[in-house]
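Residue numbers (my numbering): 121 to 393. Only one structure is covered here, and it is reproduced in the block below.
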């Protein structure tokens, strides 16, 4: 399969196209409006691949989409194609790092913390209840109707849900489109907003700039695999990890090198000694 065909067959759950598509504020607004059933007015253009860490000694994360609306609500959206079996705790880390940067030094009024919504979109059912949407907020075990009201919400979306009566038809169409961003899927969508999004994404796919960037990304992955890192010596692995650690997440490195996440983690621990 040639590179041009690969680019055409990408869907929005592919990290490359997701990042490119979400550079467009209209696409981010459409996605958030449908997911949250609201009218979102973004305060600034969204940021993709935003790097975050609490200090140089701590774990770095890369946020797929980071946006703030006019009410200073923060949205962080991730497209997660593979089940890495760590997504609940991974979302907890994202929440903690985002929160740690919200108050300037010396501010003691914690009520000034922004409301934060973290959304993960996946083509699998992380929790096994067959739902399209799982929304988590802090509640009291002893008094279930008592919410902590700390302004933190985490939403996990499953593109392959089975209970359409629990969500809007437009959200279901969006999730289907996220997984299969094709003309055929777009044509059967009743949502005008999704059809407009598809037209914008088609323009992004067709641009020469996007094609060049994708070719570079594709060639980089092939080069990494050709280095034989999966079967190489520890010293060779460590050298490559140094090059990759500040550019990709542990999960992305494992996927590119076709090795287990645990092996990547072990090598990075060796580097830290």
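Even for Gly, the Cβ is constructed at its ideal location relative to N, Cα and C.
Per DSSP, the bridge partner or partners of residue i
{"i": "residue 272", "result": "236"}
{"i": "residue 186", "result": "167 and 196"}
{"i": "residue 278", "result": "242"}
{"i": "residue 162", "result": "189"}
{"i": "residue 259", "result": "267"}
Residue span of the beta strand (DSSP E) that contains residue i, given as start and end
{"i": "residue 198", "result": "194-199"}
{"i": "residue 254", "result": "253-256"}
CB-CB length for residue i against residue j, believed under 8 Å
{"i": "residue 239", "j": "residue 197", "result": "5 Å"}
{"i": "residue 291", "j": "residue 252", "result": "7 Å"}
{"i": "residue 315", "j": "residue 274", "result": "Their Cβ separation, rounded to whole angstroms, is 29 Å, which puts residue 315 and residue 274 out of contact at 8 Å."}
{"i": "residue 131", "j": "residue 301", "result": "4 Å"}
Alpha-carbon to alpha-carbon, residue j and residue i
{"i": "residue 158", "j": "residue 386", "result": "44 Å"}
{"i": "residue 203", "j": "residue 217", "result": "22 Å"}
{"i": "residue 284", "j": "residue 250", "result": "10 Å"}
{"i": "residue 260", "j": "residue 142", "result": "36 Å"}
{"i": "residue 209", "j": "residue 298", "result": "24 Å"}
{"i": "residue 350", "j": "residue 371", "result": "Summary for residue 350: the model assigns pLDDT 47, below 50, so the residue's position carries little reliability; its value from the coordinates is reported in the next sentence. Residue 350 and residue 371: Cα-Cα distance of roughly 15 Å."}
{"i": "residue 296", "j": "residue 384", "result": "32 Å"}
{"i": "residue 243", "j": "residue 226", "result": "43 Å"}
{"i": "residue 199", "j": "residue 133", "result": "5 Å"}
{"i": "residue 289", "j": "residue 389", "result": "46 Å"}
{"i": "residue 268", "j": "residue 207", "result": "22 Å"}
{"i": "residue 293", "j": "residue 241", "result": "13 Å"}
{"i": "residue 155", "j": "residue 278", "result": "12 Å"}
{"i": "residue 153", "j": "residue 231", "result": "26 Å"}
{"i": "residue 213", "j": "residue 188", "result": "19 Å"}
{"i": "residue 280", "j": "residue 256", "result": "19 Å"}
{"i": "residue 282", "j": "residue 326", "result": "34 Å"}
{"i": "residue 303", "j": "residue 312", "result": "14 Å"}
{"i": "residue 182", "j": "residue 266", "result": "33 Å"}
{"i": "residue 342", "j": "residue 229", "result": "Note that residue 342 scores 49 on pLDDT, short of 50, meaning its location in the model is unreliable; the coordinates nonetheless yield the value given after this. Cα to Cα, the separation comes out at about 50 Å."}
{"i": "residue 258", "j": "residue 211", "result": "14 Å"}
{"i": "residue 271", "j": "residue 150", "result": "22 Å"}
Opening and closing residue of the alpha helix (DSSP H) in which residue i lies
{"i": "residue 228", "result": "Where residue 228 is concerned, there is no enclosing alpha helix (DSSP H), given that its DSSP letter is neither H nor E."}
{"i": "residue 318", "result": "312-326"}
{"i": "residue 248", "result": "Unbroken run through residue 248: none, as it is neither H nor E."}
{"i": "residue 152", "result": "145-156"}
{"i": "residue 305", "result": "303-308"}
{"i": "residue 266", "result": "Note, residue 266: premise wrong, no alpha helix (DSSP H); not H, not E."}
{"i": "residue 403", "result": "Outside the shown range of the chain (121 to 393) lies residue 403, about which nothing can therefore be said."}
{"i": "residue 209", "result": "207-220"}
{"i": "residue 289", "result": "289-299"}
CB contact check: residue i to chain D, cutoff 8 Å
{"i": "residue 192", "result": "Here chain D cannot be found, since the structure has a single protein chain."}
### Message
Under 8 Å: do the segment 184-193 and the segment 226-239 share three or more Cβ pairs, one atom per stretch?
### Response
yes
### Query
Touching or not, the segment 219-227 and the segment 150-165, by the rule of three or more beta carbon pairs under 8 Å?
no
### Message
Below 8 Å, how does it come out for the segment 310-330 and the segment 132-146: are there three or more Cβ pairs, yes or no?
### Response
yes
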